[in-house]
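One structure is given here, and the rest of the page talks about it.
There are 2 protein chains.
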Amino acid sequence: MRLTRAGEYAIRCMVYLAHKGKGIQVSKQEIAERADIPAHFLAKIAQDLARAGLIAIKQGPKGGYSMLKNPEEISLLEVVEVMIGEIFLNDCVGRPRTCKASKQCSVHKVWEEARAQLRRTLGKVNLAELSESDSCIPVFLVHN
Amino acid sequence: MRLTRAGEYAIRCMVYLAHKGKGIQVSKQEIAERADIPAHFLAKIAQDLARAGLIAIKQGPKGGYSMLKNPEEISLLEVVEVMIGEIFLNDCVGRPRTCKASKQCSVHKVWEEARAQLRRTLGKVNLAELSESDSCIPVFLVHN
DNA sequence: ATAAATAAGATATTTAATGTCCTATATACA
DNA sequence: TGTATATAGGACATTAAATATCTTATTTAT
Numbered sequence: 488m489r490l491t492r493a494g495e496y497a498i499r500c501m502v503y504l505a506h507k508g509k510g511i512q513v514s515k516q517e518i519a520e521r522a523d524i525p526a527h528f529l530a531k532i533a534q535d536l537a538r539a540g541l542i543a544i545k546q547g548p549k550g551g552y553s554m555l556k557n558p559e560e561i562s563l564l565e566v567v568e569v570m571i572g573e574i575f576l577n578d579c580v581g582r583p584r585t586c587k588a589s590k591q592c593s594v595h596k597v598w599e600e601a602r603a604q605l606r607r608t609l610g611k612v613n614l615a616e617l618s619e620s621d622s623c624i625p626v627f628l629v630h631n
Numbered sequence: 488m489r490l491t492r493a494g495e496y497a498i499r500c501m502v503y504l505a506h507k508g509k510g511i512q513v514s515k516q517e518i519a520e521r522a523d524i525p526a527h528f529l530a531k532i533a534q535d536l537a538r539a540g541l542i543a544i545k546q547g548p549k550g551g552y553s554m555l556k557n558p559e560e561i562s563l564l565e566v567v568e569v570m571i572g573e574i575f576l577n578d579c580v581g582r583p584r585t586c587k588a589s590k591q592c593s594v595h596k597v598w599e600e601a602r603a604q605l606r607r608t609l610g611k612v613n614l615a616e617l618s619e620s621d622s623c624i625p626v627f628l629v630h631n
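Going down the list, the protein sequences come from chains A and B.
Per our numbering: the first sequence = residues 488 to 631.
Per our numbering: the second sequence = residues 488 to 631.
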């Protein structure tokens, strides 16, 4: 597992949208500026988030992005895994074929456990909680 | 955090040595073959392990590697962190400078917690346990 | 002294992430 | 219905890191 920059950006984008609320549309530009994400890169990330059913994208003038679910219904894990795929801590667990002995391997078991634990921790947190308290996004409690 | 191939190899190498026992010297070639590690790559990895005080390296004919501590005294976490540095799950936590709001950020807190949990899990397991039961290394319970 | 075994550093090779650019498409509004 | 605006989607460039290999140097047993 490695949270890529794309992953961090996706979280920021979703936290920003969550703060606005379900169904509230926000322009790409606004998100890019306020959440400090390169605009072109955000476009990519948004496409992934849309494909995963987390946000809706509207084209044209007054276009933008909006959350499709309630922030409570989206976990941090969900956002992360949309961007980087299912979380694994090592190849051995992620691609069992590369490891001959994974079935009985004691090392393997530890990584499996660690992985499950990590996914549980990230799965317990939802976007509502994250957007209520302070977050990475610099003061976005501004009227507009 | 991403367990690199070098990390996986280091674990295999250490588990192999642990199985032999503290102070028992094994040639690089033997380890490379039995633990399925590219020999040249193993040399690099061994240098890191030696620098960290985990193994001793002996040059010359009848040279090789040996464990400097009892297997019980070395945790999986220790081996991993020698190879990939202190474990972090994301940039934000690893390099706080890149994130302005890390102090009060709610997302940051989750990653911190997840990180601590992961390190605890890996820290609880030692090489003795790992080498006693079956592991990644294909049947090395062979006399020589 | 010689041969064997590893050290250390330089240098490919590969892979992935990151970021940018260009053309296409959708849509609000005049 | 046409035009301007905003995003889509794919191609491409750049950077960075991991992985692996090769060459020369050093150590040491005999």
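Ideal Cβ positions, reconstructed from N, Cα and C, are used throughout, including at glycine.
For this session: Could you tell me if A/VAL618 is buried or exposed, where buried requires 16 or more neighbouring beta carbons within 10 angstroms of its beta carbon?
Result: Reading off the sequence shown, one finds Ser at residue 618 of chain A, where the question assumed Val. Under this definition A/SER618 is a buried residue.
Problem set entry | Distance, B/GLY551 Cα to A/SER620 Cα | 55 Å
Exercise. Which residues in the same chain have their Cβ closer than 7 Å to the Cβ of B/LEU649, if we skip the five residues on either side of it in sequence?
Worked result: Missing from the structure shown is residue 649 of chain B; chain B here goes from 488 to 631 and no further.
Exercise. Of all the CB atoms in chain A, is at least one closer than 7 Å to the CB of B/LEU536?
Worked result: With respect to chain A, the C-beta atom of B/LEU536 has no partner C-beta closer than 7 Å.
Exercise. If you draw a straight line from the C-alpha of A/LEU564 to the C-alpha of A/MET488, how long is it?
Worked result: 12 Å
Problem set entry | Cβ contact (3+ pairs, closer than 8 Å) linking the segment 567-578 of chain B and the segment 492-509 of chain B | yes
Exercise. Out of curiosity, what's the CA-to-CA distance linking B/GLY632 and B/TYR503?
Worked result: This structure gives no information on residue 632 of chain B, because the portion of chain B shown stretches from 488 to 631.
Problem set entry | Span of the alpha helix (DSSP H) around B/ILE532 | Here the alpha helix (DSSP H) through B/ILE532 covers 526-538.
For this session: To the nearest angstrom, report how far apart A/ILE511 and B/ALA519 are at their CA atoms.
Result: 58 Å
For this session: Look up A/ALA522 in the DSSP assignment and say whether it is helix, strand or coil.
Result: coil
Exercise. Based on the DSSP output, what are the partners of B/TYR552 in its beta bridges?
Worked result: DSSP lists B/VAL513 and B/ILE544 as the bridge partner or partners of B/TYR552.
Exercise. Roughly how many whole angstroms lie between the Cα atoms of B/ASN613 and B/GLU599?
Worked result: 23 Å
Problem set entry | For B/LEU605 and A/LEU605, believed in contact at Cβ under 8 Å, the rounded distance | The C-beta distance from A/LEU605 to B/LEU605 rounds to 6 Å, short enough to fall under 8 Å.
Exercise. Which value, in whole angstroms, describes the spacing of the CA atoms of B/MET501 and B/LYS531?
Worked result: 14 Å
Problem set entry | Residues of the segment 598-609 of chain A whose Cβ lies closer than 8 Å to any Cβ of chain B, in chain order | Listed by position, the residues of the segment 598-609 of chain A near chain B (Cβ gap below 8 Å) are TRP598, GLU600, ALA601, GLN604, LEU605, THR608 and LEU609.
For this session: Give me the Cβ distance between B/PRO558 and B/ALA615, rounded to the nearest whole Å; I'm assuming they're in contact under 8 Å.
Result: In this structure, B/PRO558 and B/ALA615 form a Cβ contact; the two beta carbons are roughly 4 Å apart against a cut-off of 8 Å.
Problem set entry | Contact set between B/ARG521 and chain A, taken where Cβ atoms lie within less than 8 Å | Near B/ARG521 there are no residues of chain A at all, since even the closest Cβ is about 13 Å away, more than 8 Å.
Problem set entry | Rounded straight-line distance, which links the Cα of B/PHE575 to that of A/GLY508 | 31 Å
Problem set entry | Contact list for the segment 560-571 of chain B against chain A, Cβ threshold 7 Å | LEU563
Exercise. What's the gap between the Cα of A/GLU560 and the Cα of A/LEU536?
Worked result: 15 Å
For this session: Would you verify that the beta carbon of B/LEU576 is, or is not, closer than 7 Å to some beta carbon of chain A?
Result: yes
For this session: Determine, using beta carbons only, whether A/LEU490 comes closer than 7 Å to chain B.
Result: yes
Problem set entry | The alpha helix (DSSP H) enclosing A/GLY572, as first and last residue numbers | A/GLY572 -> no alpha helix (DSSP H), and no H or E assigned at all.
Problem set entry | Straight-line gap, A/CYS592 to B/VAL594 (C-alpha atoms, nearest Å) | Looking at the two C-alpha atoms, the distance is approximately 34 Å.
For this session: Provide the residue(s) that pair with A/ASN613 in DSSP beta bridges, ordered along the chain.
Result: A/ASN613 is bridged to A/SER562.
Exercise. With distances taken between CB atoms, is the gap from A/LYS549 to A/LEU529 smaller than 7 Å?
Worked result: no
Problem set entry | Residue-level contact to chain B via CB, A/PHE627, 7 Å cutoff | Model confidence at A/PHE627 stands at a pLDDT of 48, short of 50, so the residue's coordinates are unreliable; what they give is reported in the following sentence. Not one chain B Cβ lies under 7 Å of A/PHE627.
Exercise. B/ILE498 versus chain A: which residues are under 8 Å apart at the beta carbon?
Worked result: VAL594
Problem set entry | Span of the alpha helix (DSSP H) around A/MET501 | Note, A/MET501: alpha helix (DSSP H), 492-507.
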